[in-house]
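Structure first, then comments.
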Amino acid sequence: MTLAPETTAEPPAAAPGTELAEPPRSMLRRGWEVFSENKLALVAVGVLVLIIGFCFLGPLFYHSDTSVVDLSAVTKPPGAGHPLGTDNDGIDELGKMMVGGQTSLEIGLAAGSIAAIAGALYGAVSGFVGGWIDALMMRVIDSLMSFPLIFLLIYLSSVYGKSKGMLILEVGLTSWFGITRLVRGEALAIKVRDYVDASRMMGAGGTRIIFKHILPNTIGTTIVNTTFSIADAVFALSTLSYIGLGLQAPNNDLGGMLDVGTNYAGQGYWWMIYPPAVVIILIILSFNVIGDALRDAFESRLQKR
Amino acid sequence: MALLEVIGLRTEIRLKRSVVHALDGINLSVDAGETLGIVGESGCGKTMTAMSIMQLLPNGGTVVGGQIRLDGRDLLSLSPEEMDSVRGNDIGMIFQDPTTSLNPTMTIGRQISESVRIHRGASKKEAHERAVEALSLVGMPSPKQRALVYPHELSGGMRQRAMIAMALANEPKLLIADEPTTALDVTIQKQILELIDNLKQQLGMAVILVTHDLGVIAGRADKIAVMYAGKVVETTSTRALFANPRHPYTEALFASLPERSAESGERLYSIPGLPPDLTKPPAGCRFAARCRYATDECRTSEPPLAGTVEEHRFACFLPVGEPVYRTEAAPVAATAVATERVRVSRDSTLTEPLLRIEGLVKDYPVTAGLVLRRNVGSVSAVADVSLTVHQGETVGLVGESGCGKTTVGKLIVGLEKPTGGSLLFQDRDLAQAPRAERRHLRRDVQLMFQDSYAAMNPRMMVRSVMREPLDIHRVDSPAERDRRIREIFDLVGLPLSALDRYPHEFSGGQRQRVGLARALALRPKLIVADEPVSALDVSIQSQVLNLMRDLQGELGLSYLFISHDLSVIRYLSDRIGVMYLGKLVEIGPAESVYANPVHHYTRGLLDTIPVADPAVEAAKSSQGIAGELPSAIDPPSGCRFRTRCPAAQEICARVEPKLAPYGPDNHLAACHLPLRPAAAAAQEVAPALV
Numbered sequence: 001m002t003l004a005p006e007t008t009a010e011p012p013a014a015a016p017g018t019e020l021a022e023p024p025r026s027m028l029r030r031g032w033e034v035f036s037e038n039k040l041a042l043v044a045v046g047v048l049v050l051i052i053g054f055c056f057l058g059p060l061f062y063h064s065d066t067s068v069v070d071l072s073a074v075t076k077p078p079g080a081g082h083p084l085g086t087d088n089d090g091i092d093e094l095g096k097m098m099v100g101g102q103t104s105l106e107i108g109l110a111a112g113s114i115a116a117i118a119g120a121l122y123g124a125v126s127g128f129v130g131g132w133i134d135a136l137m138m139r140v141i142d143s144l145m146s147f148p149l150i151f152l153l154i155y156l157s158s159v160y161g162k163s164k165g166m167l168i169l170e171v172g173l174t175s176w177f178g179i180t181r182l183v184r185g186e187a188l189a190i191k192v193r194d195y196v197d198a199s200r201m202m203g204a205g206g207t208r209i210i211f212k213h214i215l216p217n218t219i220g221t222t223i224v225n226t227t228f229s230i231a232d233a234v235f236a237l238s239t240l241s242y243i244g245l246g247l248q249a250p251n252n253d254l255g256g257m258l259d260v261g262t263n264y265a266g267q268g269y270w271w272m273i274y275p276p277a278v279v280i281i282l283i284i285l286s287f288n289v290i291g292d293a294l295r296d297a298f299e300s301r302l303q304k305r
Numbered sequence: 306m307a308l309l310e311v312i313g314l315r316t317e318i319r320l321k322r323s324v325v326h327a328l329d330g331i332n333l334s335v336d337a338g339e340t341l342g343i344v345g346e347s348g349c350g351k352t353m354t355a356m357s358i359m360q361l362l363p364n365g366g367t368v369v370g371g372q373i374r375l376d377g378r379d380l381l382s383l384s385p386e387e388m389d390s391v392r393g394n395d396i397g398m399i400f401q402d403p404t405t406s407l408n409p410t411m412t413i414g415r416q417i418s419e420s421v422r423i424h425r426g427a428s429k430k431e432a433h434e435r436a437v438e439a440l441s442l443v444g445m446p447s448p449k450q451r452a453l454v455y456p457h458e459l460s461g462g463m464r465q466r467a468m469i470a471m472a473l474a475n476e477p478k479l480l481i482a483d484e485p486t487t488a489l490d491v492t493i494q495k496q497i498l499e500l501i502d503n504l505k506q507q508l509g510m511a512v513i514l515v516t517h518d519l520g521v522i523a524g525r526a527d528k529i530a531v532m533y534a535g536k537v538v539e540t541t542s543t544r545a546l547f548a549n550p551r552h553p554y555t556e557a558l559f560a561s562l563p564e565r566s567a568e569s570g571e572r573l574y575s576i577p578g579l580p581p582d583l584t585k586p587p588a589g590c591r592f593a594a595r596c597r598y599a600t601d602e603c604r605t606s607e608p609p610l611a612g613t614v615e616e617h618r619f620a621c622f623l624p625v626g627e628p629v630y631r632t633e634a635a636p637v638a639a640t641a642v643a644t645e646r647v648r649v650s651r652d653s654t655l656t657e658p659l660l661r662i663e664g665l666v667k668d669y670p671v672t673a674g675l676v677l678r679r680n681v682g683s684v685s686a687v688a689d690v691s692l693t694v695h696q697g698e699t700v701g702l703v704g705e706s707g708c709g710k711t712t713v714g715k716l717i718v719g720l721e722k723p724t725g726g727s728l729l730f731q732d733r734d735l736a737q738a739p740r741a742e743r744r745h746l747r748r749d750v751q752l753m754f755q756d757s758y759a760a761m762n763p764r765m766m767v768r769s770v771m772r773e774p775l776d777i778h779r780v781d782s783p784a785e786r787d788r789r790i791r792e793i794f795d796l797v798g799l800p801l802s803a804l805d806r807y808p809h810e811f812s813g814g815q816r817q818r819v820g821l822a823r824a825l826a827l828r829p830k831l832i833v834a835d836e837p838v839s840a841l842d843v844s845i846q847s848q849v850l851n852l853m854r855d856l857q858g859e860l861g862l863s864y865l866f867i868s869h870d871l872s873v874i875r876y877l878s879d880r881i882g883v884m885y886l887g888k889l890v891e892i893g894p895a896e897s898v899y900a901n902p903v904h905h906y907t908r909g910l911l912d913t914i915p916v917a918d919p920a921v922e923a924a925k926s927s928q929g930i931a932g933e934l935p936s937a938i939d940p941p942s943g944c945r946f947r948t949r950c951p952a953a954q955e956i957c958a959r960v961e962p963k964l965a966p967y968g969p970d971n972h973l974a975a976c977h978l979p980l981r982p983a984a985a986a987a988q989e990v991a992p993a994l995v
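Chains as they are written, first to last, in the numbering used here: chain X, 1 to 305; chain E, 306 to 995.
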């Protein structure tokens, strides 16, 4: 088959850029579009913003002294002057919850971030290097994970102290094992991708590949699991405080309040149990829901939409 | 009345925010004992047609109109339960990838008998007997034993046979084969296609063969429907379509095929632009935006599927070709051009050798045990390959998957370390040189990946992707690097706005351009191109091939072009090397290897590869290459091809043949019993010319 002479001419050159009619949208923008489709996650963000505002801005509007014991007003039910009643030391429950919430959130965020950074780095290096080093690094993680988490925490906090800074470190350094396993798994898959080969072929070294190619491509996993580990840290701290090994009075956190409250559960002092419990549950739930939505956002933002 | 009649079929897929009008008024008919080929580029709706008939649409997909009549019964009016009894009983289906279509936890025999038990209510024993029968029907050796194995224990070709056996166990009236051989090697492809053909005749089935490969369709289909953007644009008998295409899209597809220009060496025709977005299909002819003949009428009103003759229908206002039903190519025009050979085969062997590979060996150890990794053997991926690439030359490496061609490429660019032999680039050893020098040498040798998308970090903008090689080698100042990137983008014909995009925003062809641009960033002398076009549609493939050719002329590049596709290799290469199971079995000037092969494997490969010309396909008598690629862990002694060679004799098993010259033009082959006699004067070939 041959073409008529006039048809063998060059085709009209494809107008450059015609395939890219849409204006470029940044990755974050695309991610936000997916994220915002998840209504529950938006609610969770709202709840979290409210709780943060309540804890950090609340004390500016609602004044109360949470360090002075007032034995004339112990275990008062909610009423005038004390909207949520008082605890066994006569301290205002509402004010105490704001301050305790601050501590819980601070420790949770800081510990969660430590876990994320430590976990991602350790996992990326282990997965990328591979071989017996990887095997060794992972067996170390396995042995650490074979201890019950609460046992580790009890040990660390009773040996190294119960100050805020130490608690952040203690909780942070016991909650990165999960992240590291996930990141290592992803690193194993990413290091055999063509773009890592391409980079290696150009002469890139291990450090460059880990920081430019492996870590950015595990960011989804890392961020999602950071939100989970923040929730876990809040929970772990509550547990520690509940068994009396968390922050010591007059410092307080939500878990500590719950601990005190449950001592009086028999007397029907519900205001000492339900408010802090509800806030803890809301914080943990919100972070988990946001984590789920972030996972969707990170996964689909790479696809054509 | 035809066995299957599809009338005005319309299928839509509901997405979150839009509706894809995947099929819009498809009309097809297939008679018993007939093969209908559905051909088109990816995304044209050919698989969607098959899935609509089976009513196995993806999530959100629904048939919104039309009729599908099988033996006069409208499948669309059936209840889901009734449809279940049609599927797998009246209609059988073969999928593209047999690995994912078989359940890995069930034996082959049980999977086949399962459908027999469901549809025929057979007892376990009867069903198993039927399964064994079906397996022997599809040419599975020792079917009784094979019925008891799990899918992973079978090779790819055998798995596809098992799939076919499963589809045929209930003797369906219609067999739908959706890209049945795309995941298989050419030699296996031929065996499977032949099998489907034979079974069709034996059982009197109708077959719908869905494929993107014009070569496959030319040899196997009785009639063809060409699809574009959810519509049938042309339908007629196979011979008529190839001899006298009437729709400009069909014409353009044929003109994009590299084999059509291989002899002349002309630039390939490429269809500009991309298929339309089917969420908002264009008002007029859907091909108008990319058609070189399009007028205003084409853009505003839609041409009906009509034609001057009943047997040949097409949807175009301005048809090309001749308004007659013709099944033979126009004789005058064909000879006038075909005899005039424009292509001048450059004898590049006279220029400076750029890359010299000598006795290259790569073995991968096979280990056993989890803790103490004992070496229990080795996979011989590349065994003693010697090859030279000269300045400005294109050398093609061709062979089946597993023949070691990709490993050769990886060894050259330094992604793997050779077990033995040397890789001399401008007389410096690429593998042995000191680290600093090796780094420098690597700048001159770059790799172009098969899948450029996979070879770009999805979280990097194209600007960073392009800058990476320059940053790693700290070439010039940062400003100078940006200037160089702009210059290269100009060269490969990409808009500068593309720099601020992410890789996923590009089409396949554009990505391959970016991939080529990145390979060029360090101004290399040699580009190893590993299957650079095999993931692209024909029309896009031709754009990339043209570009590669243009750049070679402009920049004086050398290419080592690795592909399984002989027609692409032939179009682009000056010399062709044929590999089989780690060995280079034949190498010589492209036309000489193509027209006068010496090695039986080359001959077999040439016979096996489907050509988009029904006349050529019909004339092929050879059986291709029998059997399957043996394991490289324990390769056959002597000549590695002997186990599948039609001419093999006792000497082939004892003595390993060496490359020897055949003819004066450096045509070498390694065979004891060559297809033509060796060069009269057994002149020694200087190693530099190998």
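Every residue, glycine too, gets a C-beta built ideally from N, C-alpha and C.
The region 322-332 of chain E and the region 490-510 of chain E do not touch, with fewer than three beta-carbon pairs separated by less than 8 Å. Judged by pairs of C-beta atoms under 8 Å, the region 955-966 of chain E does not touch the region 861-880 of chain E, as fewer than three such pairs exist. Sorting D805/E, T487/E and E339/E by C-alpha distance to the C-alpha of P403/E places T487/E at the top.
For P409/E, the closest alpha carbon among the candidates V443/E, F619/E, H457/E and H433/E is that of H457/E. For E663/E, the beta-bridge partners assigned by DSSP are S727/E. Interface flag for S143/X against chain E is unset, since no Cβ pair is found closer than 8 Å. For L407/E and A439/E, the gap between their C-alpha atoms comes out near 16 Å. Under the three-pair Cβ rule at 8 Å, the region 125-135 of chain X does not count as touching the region 53-71 of chain X. The shortest CA-to-CA distance from S706/E to any of Y885/E, A917/E and D336/E is the one to Y885/E. A Cβ of chain E is located within less than 8 Å of the beta carbon of R193/X. Any Cβ of chain X closer than 8 Å to the Cβ of R828/E would place that residue at the interface, and such an atom is absent. Under the DSSP assignment, G813/E falls in the alpha helix (DSSP H) whose first and last residues are G813 to L825.
Within 10 angstroms of the beta-carbon of K830/E lie 16 or more other beta-carbons, which makes it buried. The region 830-886 of chain E contains, as complete alpha helix (DSSP H) runs of 4+ residues, the segments 843-860 and 871-877 (chain order). In this structure, V890/E places its C-beta atom within 8 Å of the C-beta atom of Y906/E. Sequence-distant partners of Q360/E (beyond 5 residues in either direction) whose C-beta falls short of 6 Å from its own C-beta, in its chain, are M388. By the Cβ-count criterion, S163/X is exposed, with fewer than 16 other Cβ atoms from all chains shown falling within 10 Å of its own Cβ. Inter-segment contact for the region 914-921 of chain E and the region 509-529 of chain E is present: three or more beta-carbon pairs are separated by less than 8 Å. The C-alpha of L623/E is placed about 7 Å away from the C-alpha of Y598/E. As computed with DSSP, Q372/E is found in a beta bridge with I312/E.
Residue-level contact check: D92/X does not touch chain E, since none of the beta carbons of chain E fall below 8 Å from its beta carbon. For E891/E, the enclosing beta strand (DSSP E) covers residues K888 to P894. Under the criterion of beta carbons closer than 8 Å, E773/E and M202/X qualify as touching, at roughly 6 Å.
Boundaries of the beta strand (DSSP E) around M398/E: I396 to I399.
Just so you know, the alpha carbons of L60/X and V99/X end up roughly 11 Å apart.
For P250/X, no chain E residue has a Cβ inside 9 Å of its Cβ, as the nearest lies near 47 Å away. Within the region 198-212 of chain X, those residues whose Cβ lies closer than 9 Å to any Cβ of chain E are, in chain order, A198, S199, R200, M201, M202, G203, A204, G205, R208 and K212. The Cβ neighbour count for Y160/X, taken over all protein chains shown within 10 Å, is under 16; the residue is labelled exposed. Between V819/E and L850/E the beta-carbon gap is near 16 Å, outside 8 Å, which marks them as no contact. Contacts with chain X (Cβ-Cβ distance below 7 Å) from the region 736-768 of chain E involve R744, R747, L752, F754, D756, A759, A760, M761, N762, P763 and R764, listed in chain order. Under the 10 Å beta carbon count, I938/E is surrounded by fewer than 16 other beta carbons and is classified as exposed.
At the C-beta level, H424/E and S460/E stay beyond 8 Å of one another.
Here the C-alpha atom of L383/E lies approximately 40 Å from the C-alpha atom of A297/X.
By alpha-carbon distance to G814/E, the top candidate from L825/E, S575/E and R779/E is S575/E. Counting only Cβ-Cβ distances below 7 Å, P774/E has contacts in chain X at M202, in chain order.
Under the 8 Å Cβ criterion, the region 163-179 of chain X does not count as touching the region 720-728 of chain E, having fewer than three qualifying pairs.
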